[in-house]
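In our numbering, the protein residues as written are 369 to 628.
Beta carbons are placed, not taken as given, at the ideal position from N, Cα and C, and that holds for glycine.
Notes follow the structure.
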Amino acid sequence: MNLPTVALPKIGNEVDLSRWISLGAPGGAIAISLIILLFIIWPKFTQILQLKSDNQELSGRVQNLNLKAQKLASFDKESLDLKLGASEQLLPSDKGVFSLVTQIERTAATSGVLLNRVDLAPGSLHDTGDSKKTASSSKPGSQADIGQNFQLKVSVTGDYKSFEQFLKNIFSVSRILAIKDLNLSASTSSSGEGSQMRAAMTIDAYWQPLPKELNSIESPIEDLTETELAILNQVSSTGTVSTPSIPSVPTGKTDLFSSF
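Next up, the structure:
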């Protein structure tokens, strides 16, 4: 009796197919999971990390703003007004050429010297250009960092003591001034008694225009040094700065400008 053998290979093929299907289902699930992780979960995770970093940065900025607000609230308005007025005297926001000339004339009269001339340097009445450009081209710590300036050519005549007092009074002016190109010459007075000296100098007067733009609200508040506070307090109370002392050096003569 002959038995049929055709159905056996068909059963084997079905077993192999079911095995591949059972193995392919987990693999497909893994592949789909990787795709979801790569294109959905990972971008969300990076966004969460970025949001966390941004929140920490914002928290620090808010804390700094709160500290700044507390510091501003602790300031006394009257004291700030006085310091602002003193700062305006030290470094005015406009040139104030005529007021400075008047101040020099009064200083010469009270010092006892004869004011021969006060000339304004050419171009001093015009704007000096962009202050940012000037500051960037100057060396750190130089006088150009103070602000813009104009020049006055001054010539006086008087005895040594009067000229010394004139210099002291000029340096005690509340405005920031610098004297350079000082030329001295001695001569006998017309009466023949005593000696006179002639002095020619250049006075640099500094000023700083008001800023056109305010700083960022998050910019820190810089505290004034003790020296700056002392100068502002003195200008606020007296209107002048401390008079510098001219050191005495051994010269061998009591009057350097006496006739030989």
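Rounded to the nearest whole angstrom, the CA to CA distance from S479 to P588 is 45 Å. Under the criterion of beta carbons closer than 8 Å, T570 and K521 qualify as touching, at roughly 6 Å.
For N551, the closest C-alpha among the options K580, E456, T525 and W575 is that of T525. Per the C-alpha coordinates, the member of P577, S421 and D527 positioned closest to A476 is D527. In this structure, the beta-carbon distance from S455 to L578 does not fall below 8 Å. Contact between W575 and P460 holds, since their C-beta atoms are separated by about 5 Å, short of 8 Å. For G453, the uninterrupted alpha helix (DSSP H) segment begins and ends at K445 to L458. Judged by pairs of C-beta atoms under 8 Å, the region 459-473 touches the region 535-544, as three or more such pairs exist. Fully contained in the region 550-585 are the following beta strand (DSSP E) runs of length 3 or more, in chain order: 563-575.
With respect to the 8 Å criterion, A554 and F531 are not classified as neighbours on the basis of their beta carbons. Per the C-alpha coordinates, the member of L452, I398, I514 and L482 positioned closest to Q533 is L482.
When L458, F518, I514 and D462 are compared, the shortest CA-CA separation from D487 is found for F518. Counting the other Cβ atoms within 10 Å of the Cβ of V430 gives fewer than 16, which makes it exposed. In this structure, DSSP gives A397 a helical state, which the three-state scheme calls helix.
For R429, the enclosing alpha helix (DSSP H) has its first and last residue at W410 to S442.
A598 and S421 have their C-alpha atoms roughly 44 Å apart. Within the model, the alpha-carbon separation for Q438 versus N432 is close to 10 Å. For F518, the enclosing beta strand (DSSP E) covers residues Q516 to G526. For L468, the enclosing alpha helix (DSSP H) begins and ends at V465 to S479. Of the candidates S467, K451 and L468, the residue whose Cα lies closest to the Cα of L592 is K451.
Membership of R485 in the beta strand (DSSP E) is indicated by the continuous run L482 to L488. By alpha-carbon distance to E425, the top candidate from S542, Q602, E586 and E594 is E586. Taking C-alpha positions only, A489 is separated from G515 by approximately 17 Å.
Rounded to the nearest whole angstrom, the C-alpha separation of I398 and F413 is 20 Å.
V603 has its alpha-carbon roughly 26 Å from the corresponding atom of L582.
Within the same chain, and ignoring the five residues on either side of D549 in sequence, the residues whose Cβ sits closer than 7 Å to its Cβ are M569 and T570. By the CB criterion at 8 Å, R543 and L468 fall inside the cutoff. A direct Cα-Cα distance of roughly 31 Å separates M565 from Q457.
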